[in-house]
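Taking the working numbering, the leading residue of the sequence shown gets -16, the next gets one more, and so forth.
By construction, the Cβ of each residue, glycine as well, lies at the ideal position given by its N, Cα and C atoms.
Please read the structure below before turning to the comments.
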Amino acid sequence: MNTTYFTVTLQPVNIDTNDIFIIIPCFNEQHSIVNVVNNLLQQGYKRIVVVDDGSAESLQTVLQHMPVVYIRHAANLGQGASLQTGFEYACMHRALFAVTFDADGQHQATDIPALLEPLLSGKADVTLGSRFMEKNPSAMPSSKKIVLQMARFINLLFSGILLSDAHNGLRAFNQKALRTIAITENRMAHASEILFEIRKHQLQVQEVPVQVLYTDYSLQKGQSAFDSIKILFDLVLHKLFR
């Protein structure tokens, strides 16, 4: 399956923002979630779904005065499980589009229109954000670049799809993709499982350049080489027993 790489010229998104659900998986993000939600609200997004994946302290206290949907898992299940919860909520409420957005402040709300444009024009069912398509890609530590390069080829090995960016949590899905993709990998292997689902259901996918803001806070929560080994192990189990 060939993945299309292209650069988007930003145009105003001609869509009711009530049809766009922003799904934010959260785990112990008390220090960043309010700013993340505020930035999305300032860009006009009204349907924000925060999935608290069993944080040590409930995020409801910091979010109680904000116009968001708050869903809390009783126990920590993993980011994949949080995304699936968000997908199910969006489908129940007949979302036309869903955008997955990290809670640590590294994603930019201003990148969302570029992700939605191929879906609106019918060119894609799923768009995946990429940090490596711009001439001046987002700065990141060399160790993280090595991990991401490894993950690219792991994805190719297991899904047959070669991306420029292996694990970027900024993605957009149309209604067809939302109702088709089922995430069963609760933890970080969900990123590759989404690619399996795209290929399995013959969904059209495109990568879109996005910017990622790295801070000391977001970097300390990123994937390590050990995390990549765990993801590889999960993927092998997925292939053997699915």
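(Q) Can you list, in chain order, the residues of its chain with a C-beta nearer than 7 Å to that of Asn169? Leave out the 5 residues immediately preceding and following it. (A) Closer than 7 Å at the Cβ level, and outside the excluded window around Asn169, lie Leu60, Gly61, Gly63 and Ala64.
Q.
Using DSSP's beta-bridge definition, name the partner residues of Ala155.
A. Val82 and Thr110
Q: Report the option in Gln47, Gly143 and Arg154 whose CA atom is closest to the CA atom of Arg114.
A: Closest by alpha carbon: Arg154.
Q. Excluding sequence positions up to five away, which residues of its chain have a Cβ less than 8 Å from the Cβ of Arg162?
A. Cys74
Q) With DSSP run on the structure shown, which of helix, strand or coil describes Phe4? A) strand
**Q.** Entirely enclosed beta strand (DSSP E) segments - the region 178 to 203, minimum 3 residues
**A.** 188 to 192
(Q) Could you compute how far the alpha carbon of Phe84 sits from the alpha carbon of Pro96? (A) Those two C-alpha atoms are separated by around 13 Å.
Q. Just reading off the beta strand (DSSP E) that Ile166 is part of, what are its end residues?
A. In the DSSP annotation of this structure, Ile166 is not part of any beta strand (DSSP E), being labelled neither H nor E.
(Q) Just list the residues that DSSP pairs Arg55 with in beta bridges. (A) Asp35
**Q.** Candidates Pro50, Ser41, Gln189 and Arg30: closest to Ala57 by CA position
**A.** Ser41
Q: In angstroms with no decimal places, state the Cα-to-Cα distance between Tyr(-12) and Asp94.
A: Since pLDDT at Tyr(-12) reaches only 39, below the 50 mark, its modelled position is unreliable, and no value is offered.
Q. Do Val45 and Ile7 come within 7 Å of each other at the CB atom, strictly closer than that value?
A. no
Q: Let me know the secondary structure DSSP gives Ile30 once reduced to three states.
A: The sequence given here has Arg at residue 30, not Ile. Note: Arg30 maps to strand in three-state DSSP.
Q) Straight-line CA distance for Gln25 to Cys9? A) 20 Å
**Q.** Reference Gln194; option with closest CA among Asp(-1), Asn1, Val188 and Gly152
**A.** Gly152
Q: Could you have a look at His173 and say whether DSSP puts it in helix, strand or coil?
A: helix
Q: Alpha carbon to alpha carbon, how far is Ile31 from Pro101? Give it in angstroms, no decimals.
A: Whole-angstrom Cα-Cα distance: 21 Å.
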